Amino acid sequence: MKKQKSYQDELGKLYLVPTPIGNLEDMTVRGVKILKEADLIASEDTRNTQKLLNHFKIEVAQKSLHEHNYKQRIPEILKLLKKGQTIAQVSDAGMPSISDPGQELVAACIQEGIAVISLPGPTAGLTALIASGLNVQPNYFYGFLPRRKKDQKAELKQLATIKATMIFYESPYRLKNTISNMNEVFNPQRNAVICRELTKIHEEYLRGTLAELKEYLTENTLKGECCLLVEGQLEQEVDRSLPQVPLKEQVEQFIATGLSPNDAIKEVAKQNKLKKQKVYNAYHELNK
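For the sequence shown, position 127 (counting from the first letter as 1) is numbered 127 according to the UniProt record's numbering, and the numbering increases by one without interruption.
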């Protein structure tokens, strides 16, 4: 374990400032204050961020920081931070580093002992989740899936057994194909929600099973930013390609490791999400 040393007072600070995902009124008072006080703003797209700065009358210089130039930019920004400057980093919308640039700069600052301060604010995934109607806890944020069908289906197969509600970001132009692939890999009866244009005038939630959403998208074309939430693995979903080990045998395997029969029964019941009595009956062959 590496313990971070106290940040050096003579060094600057990196602020991670969330920006609105649609509605400018979601910008926090503290976020505006930090942007106004910063010596420099590191932006994913300076043209896009300039609109935000103009709206809040913020006159601070910008420097671009995105996936194509971060290797060149990070040393430049570190140099300024080491001189004591305060830098605010923003993405086009929402939280920096969440499917956007930023994590490489954060890692570099931590390595150099430079303070990294994160501000709370808008993020599309959780905003959509709490209004989706799906289980909020646990949840699994994935972000953007691979674009190629083969790669995407391979990734979905890895996610198929996750019990948590899954959060994806997707382009409206690829959403139809993504939903189709999910119908092939996941149980089509899983509930799912498409959240479109969050916080904007045309905000919309489309709720249904994966099968119903697939059918809807065959006849309708969606526009705008989309967030896709999918229910986790259902209790009735069983991979029938895998041999199911009898409960009695599972208990015996735990007993062989040194557990008492009672503790082994408890563990098997827990792993299979069954009542202890059911496992007890199976082990003692009371069902026969």
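Don't be surprised by glycine CBs; every beta carbon is placed ideally from N, CA and C.
On a predicted model such as this, the values are computed, not experimentally measured, just so you know.
Buried or exposed (CB count within 10 angstroms, at least 16 for buried), residue i
i, result
"P138", "exposed"
"T257", "exposed"
"T161", "exposed"
"T178", "buried"
"S91", "buried"
"P246", "exposed"
"residue 289", "Residue 289 is absent from the model: the chain starts at 1 and stops at 288."
"I130", "exposed"
"Y173", "exposed"
"I41", "buried"
"R190", "buried"
Which of helix, strand or coil DSSP assigns to residue i
i, result
"Q62", "strand"
"L119", "coil"
"V90", "strand"
"A42", "strand"
"T19", "strand"
"L134", "coil"
"N139", "strand"
"L14", "strand"
"S241", "In this predicted model, S241 has a pLDDT of only 42, less than 50, meaning its place in the structure is not dependable; the value taken from the coordinates is given anyway. Reduced to three states, the DSSP call for S241 is coil."
DSSP bridge partner residues for residue i (one or two, in chain order)
i, result
"T257", "DSSP, once it has assigned bridges, lists no residue as partnering T257."
"C226", "E170 and R196"
"N54", "Paired residues: none, contrary to the question."
Same chain only: Cβ atoms within 8 Å of residue i, ignoring 5 sequence neighbours per side
i, result
"L119", "Y15, L16, V17, P18, T28, R30, G31 and I34"
"I255", "P261 and A264"
"L78", "A108, C109, E112 and I114"
"R240", "Unreliable positioning characterises R240 in this predicted model, as indicated by a pLDDT of 46, which lies under 50. The coordinate reading is nonetheless provided below. There are no such residues."
"K200", "G22, N23 and G224"
Spatial neighbours of residue i in its chain, beta-carbon cut-off 6 Å, leaving aside the 5 residues before and after
i, result
"V251", "A264, I265, V268 and Y283"
"C195", "A128, Y205 and C227"
"L242", "For L242, the predicted model reports a pLDDT of 44, less than 50, meaning its position is unreliable; a value from the coordinates is still stated below. Same-chain partners within the cutoff: there are none."
"N135", "T165"
Other residues of its chain near residue i: CB distance less than 7 Å, five sequence neighbours each side excluded
i, result
"E74", "Correcting the residue type first, residue 74 is Ile in the shown sequence and not Glu. Taken in chain order, the residues that qualify are E104, L105 and A108."
"K155", "Per the sequence presented here, residue 155 reads as Glu, with Lys not at that position. Result list for E155: L145 and P146, in chain order."
"R207", "G133 and V193"
> Which full runs of the beta strand (DSSP E) of 3+ residues lie inside the stretch 152–208, going along the chain?
Replying inline: Complete beta strand (DSSP E) runs here, min 3: 165–170 and 191–196.
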